[in-house]
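Those sequence lines, one after another, are chains A and B.
In case it helps, this note's numbering puts the first sequence at residues 2 to 503.
In case it helps, this note's numbering puts the second sequence at residues 3 to 352.
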Amino acid sequence: MVFSSPRYLVFLTIVLLLLSVPLPLRWKKRVLVVMSSLFYAAWDYRYLGLLVTISIIDYVAAERIHRAAREGGDGAGQVKTQKAWLTASVVSNLAILGYFKYCNFFLHNLNGVLGALGTEAIPYQEILLPAGISFYTFKSMSYTIDVYRKVIEPCEKWLDYLMFVTFFPELIAGPIVRASVFLPQMARIPRPTAERLRVGIALFVMGLLKKRVIADNLATTADQVFAAPHMFATATLWLGLLAYTLQIYCDFSGYSDMAIGSAKMMGYDLPENFRMPYLSGNITEFWRRWHMTLSNWLRDYLYIPLGGNRRGPRRTYVNLFLTMLLGGLWHGASWNFVLWGALHGTALAVHKLFRARVRWRMPGALGMPLTLLFAALCWIPFRAPTFGSTLTFLKRLFIPSEGVQFLTPVVIGLAIVVAIGHLIGGMVDPVGETPARPDARSRGWLRSLREVGLGIHVDEVSGWVVVFKGGTVLAYAMVTILAFSILFGAVVHSSPFIYFQF
Amino acid sequence: MQSARLPIRWLKVIAGIALGMLVMELVVRQIWVHERVDVPGYVKMGKPNGTTVWRLEGSGISHRDANGYRLGYAPGRPSVLVLGDSFTEALHVDDDQVYTFLAQQRLERLGIPLSVVNAGVAGRSAADYVAFADRHKSLVHPVWTVVTIRENDLYEDAFVPGKTRFVRGEDGKLTTLIDEPRALPRLRDLIWDNPSVLVRYTFYRFHKLAEEAEKDPPLFHGAAAEKKGDAHSNEGPEGDEVGPLEEVLDLLRGAYDGRLTLLNLPYLEVSPPHITPGTTWQKVLAYCARTGMSCIEPTEEFLRLARAHKAPFGFLNTEFNSGHLNADGHAAVAEALARELARLKQNGFF
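Here you go:
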């Protein structure tokens with residue numbers, strides 16, 4: 002069940018109606034667990050067992066870690082017990098993820114070696130990747146690690162933990178929510194209030210616009226160009242690259258907006274996942290603004306345990322590289338993702354080295370387009386189906402080549418829309434400020450617009466969108482126009498969310 | 003005080019929505035104006051004497067005569083009737099870019115003055131061409147008829163329930179069944195007849211999105227469906243069964259007194275340029291060779307486009323080499339059609 006489908010709208014409405022019923026907290030939690038399980042089982046009921054299994058393993062492991070810490074203080078035996086349970090949790094999660102996601106990748110490479118040695122190949126396993134497995138294993142694993150680190154107290158009841166793991170708005174493709182962020186929210190009774198509904202709907206509609214109108218329209222060009230780069234002329238390849246660069250952003254940030262909006266309507270706050278990443282002045286900043294919940298996860302549970310920047314500059318560069326390399330592999334079982342991770346890891350390390358050795362700081366006017374260009378070029382191995390097509394794409398991109406010229410104005414038009422949106426978003430919400438969300442305080446000229454009665458929300462992609470708040474004829478008219486624009490601009494055959502494959 | 007505010011608020015809501023709809027009505031009129039009506043004794047089609055604006059796929063403005071045929075044909079000359087579906091109706095291009103008009107121009111330059119009448123209607127198939135042959139013949143009096151097809155028009159699309167289709171009669175022979183008009187108009191007909199383009203277009207969009215939503219994987223078994231889809235992905239079309247193809251072709255020939263050309267629009271691979279002949283078309287060619295029926299494909303013309311890195315299908319506002327014929331595609335088809343009509347004329351067929 003995808004967020005942009007009519008099925009999901011019906012499902013969400015039912016959930017909101019159920020949560021509106023005045024029930025005790027424990028019953029509301031049960032409702033949410035049942036509905037989240039139905040949401041996941043709607044794809045395939047058999048994989049629900051996997052989710053439950055992971056929740057049991059990590060719940061028990063965290064509980065034992067906590068018990069050992071409580072009972073034995075810091076005695077060597079108790080520390081050993083805690084470590085053993087932590088290891089059990091991490092290994093179990095990684096084993097499940099490894100089997101479902103990397104088994105055939107491993108076999109493919111092994112068979113390559115066996116073939117070279119003249120040995121018979123091992124048959125591939127018939128495995129279908131369970132939806133959202135990369136996200137929920139990471140989320141669940143971080144819970145036991147946080148309990149081990151004593152950052153959080155474990156859940157008292159398994160039901161609570163199951164609700165955290167299965168919470169449907171972020172179950173399939175994030176944002177990756179930490180237990181420390183979500184568990185405290187479970188203590189309050191979820192109730193859809195008028196204000197939460199208003200903000201949640203605005204975010205959801207924003208996400209729908211990004212996905213169905215912008216990303217899906219761009220996908221048409223991006224899919225064709227990446228499917229047969231040998232066929233297209235250099236200019237068309239650049240256009241296709243631009244299309245994919247914008248598509249992946251609008252697709253994933255649109256999904257995140259819909260997830261955050263759905264949760265907000267229900268009474269929960271999920272962390273922000275994107276903050277105008279293509280306005281970043283350098284690659285380090287890019288990773289602070291792109292898929293923020295994953296980069297924070299990698300920083301806290303991989304980069305820092307590897308030593309972070311505490312073991313000297315050389316080790317820092319290696320740690321950065323390794324973190325991004327594994328981050329790339331997290332996206333998918335393919336050497337293309339490894340290459341993508343390696344490119345970003347190298348860039349982060351080089352940027353850190355540059356900052357340490359050179360006093361000169363690149364001006365934003367130069368840094369921003371260079372960062373965008375680098376990020377865009379890195380999307381080629383990320384999107385190309387094979388390593389060979391990555392090379393073909395890159396070669397034809399930089400060596401003027403003849404081929405099909407298909408310079409569709411759709412991509413250019415949508416790129417202008419996104420650029421204007423980014424720039425307005427950047428003016429209203431400069432680097433490091435509060436994100437431009439409907440619930441965030443608007444500043445300057447935006448606030449004055451609100452004061453004259455026009456409810457406007459600035460978004461980093463669409464530039465602005467009217468929120469049903471102003472109460473003026475013009476505000477209602479603009480909401481009407483927005484609704485029709487989504488209906489008319491949406492691509493009939495919607496592409497699947499890109500991050501569903503991870 | 004409270005009760006006085008309430009109606010004012012609702013009035014504001016209504017006024018706001020009305021204003022928004024008015025703006026959208028004006029916007030939509032620039033993109034899509036298309037009226038479909040039930041023509042007595044025929045099918046639902048573009049309104050006779052009407053104008054269609056179609057900028058959803060390509061960009062075209064088309065005009066129709068009193069019989070619903072697309073304008074562009076030269077009156078007062080011997081007529082060639084061209085039947086087909088949306089590829090022939092060609093709302094995606096202007097009147098002077100459609101292959102029927104271009105073929106007429108080419109023939110004119112060759113000194114063969116003919117009136118090439120475009121009778122294409124979206125969604126129609128071989129069953130309609132047989133069922134309504136008398137209507138066309140009485141209106142156009144064609145010296146020759148061309149039926150433009152894509153392979154499934156002869157088989158799958160001609161047997162779909164709910165519209166004009168082929169069925170087996172009591173005598174076991176293939177015959178046509180015309181879908182009877184409903185006694186009472188359904189809600190969708192009432193919406194479709196609405197004067198507001200915005201309302202009609204909204205309905206059209208909902209209809210398209212609902213059609214797509216029906217293709218969603220089944221609930222609770224989506225993974226199995228995905229797996230099944232993967233397993234079949236390399237198998238290609240199921241079998242080579244083309245059904246009672248020869249009977250369909252016999253009926254078509256009979257309906258137009260044997261004075262018929264079948265024009266197939268093949269799918270073209272641009273890189274490397276090639277056309278893989280479909281199973282059905284190969285059987286059609288065998289039938290044509292045996293009976294002497296005229297059957298053509300714009301193969302060379304399409305391949306020439308591909309060699310120039312162009313495609314006959316697709317538009318800048320949709321997808322490359324996908325969907326309907328673009329202006330280049332129409333020109334290519336016109337060339338093949340004009341060549342065949344000239345050959346037939348020189349050989350004294352009309």
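Heads up, the beta-carbon is just placed ideally off N, CA and C, and yes, glycines get one too.
Reduced DSSP category for residue i - H, G, I as helix; E, B as strand; rest coil
i              : result
residue 275(B) : coil
residue 130(A) : coil
residue 405(A) : strand
residue 64(B)  : strand
residue 318(B) : coil
residue 233(A) : strand
residue 3(A)   : coil
residue 310(A) : coil
residue 251(A) : helix
residue 45(A)  : strand
residue 298(B) : strand
residue 366(B) : The structure shown does not extend to residue 366(B), since chain B is modelled only from 3 to 352, so the question has no answer here.
residue 410(A) : helix
residue 94(B)  : coil
residue 152(A) : coil
residue 12(B)  : helix
For residue i: DSSP bridge partner residues
i              : result
residue 359(B) : A question about residue 359(B) goes unanswered here, because the residues of chain B that appear run from 3 up to 352.
residue 168(B) : 178(B)
residue 146(B) : 82(B)
residue 48(B)  : 38(B)
residue 262(B) : 147(B)
residue 56(B)  : 34(B), 62(B)
residue 327(B) : 315(B)
Contact check, residue i vs residue j, beta carbons under 8 Å
i              : j              : result
residue 164(A) : residue 49(A)  : no
residue 407(A) : residue 322(B) : yes
residue 260(A) : residue 364(A) : no
residue 129(A) : residue 102(A) : no
residue 263(A) : residue 201(A) : yes
residue 210(A) : residue 487(A) : yes
residue 98(A)  : residue 135(A) : yes
residue 84(B)  : residue 118(B) : yes
residue 2(B)   : residue 147(B) : The displayed coordinates of chain B run from 3 to 352. Any statement about residue 2(B) would go beyond what the structure contains.
residue 269(A) : residue 373(A) : no
residue 282(B) : residue 157(B) : yes
residue 149(B) : residue 262(B) : yes
residue 232(A) : residue 404(A) : yes
residue 72(B)  : residue 91(B)  : yes
Cα-Cα separation between residue i and residue j, rounded to whole angstroms
i              : j              : result
residue 301(A) : residue 147(A) : 10 Å
residue 499(A) : residue 383(A) : 11 Å
residue 330(B) : residue 166(B) : 32 Å
residue 115(B) : residue 35(B)  : 33 Å
residue 244(A) : residue 171(B) : 54 Å
residue 466(A) : residue 203(A) : Because residue 466(A) carries a pLDDT of 47, less than 50, the predicted location of this residue cannot be relied on, and no value is offered for it.
residue 28(B)  : residue 277(B) : 43 Å
residue 379(A) : residue 395(A) : 10 Å
residue 187(A) : residue 161(A) : 8 Å
residue 491(A) : residue 400(A) : 35 Å
residue 345(A) : residue 281(A) : 14 Å
residue 349(B) : residue 294(B) : 13 Å
residue 53(B)  : residue 221(B) : 43 Å
residue 292(A) : residue 250(B) : 58 Å
residue 357(A) : residue 311(A) : 15 Å
residue 337(B) : residue 67(B)  : 25 Å
residue 397(A) : residue 31(B)  : 41 Å
residue 105(A) : residue 285(B) : 43 Å
residue 124(B) : residue 50(B)  : 15 Å
Short CB-CB distance (under 8 Å) between residue i and chain C
i              : result
residue 270(B) : In the displayed structure, chain C is absent; the protein chains listed are A and B.
Which residue spans inside the stretch 168-229 of chain A form an unbroken alpha helix (DSSP H) run of at least 4? Segments of the alpha helix (DSSP H) lying fully in the stretch 168-229 of chain A: 180-183, 195-209, 217-228.
Whole runs of the alpha helix (DSSP H) within the stretch 297-372 of chain A, excluding any shorter than 4 residues: 313-332, 336-358
Just to confirm the assignment: which complete beta strand (DSSP E) runs, minimum length 3, are found wholly within the stretch 17-64 of chain A? none
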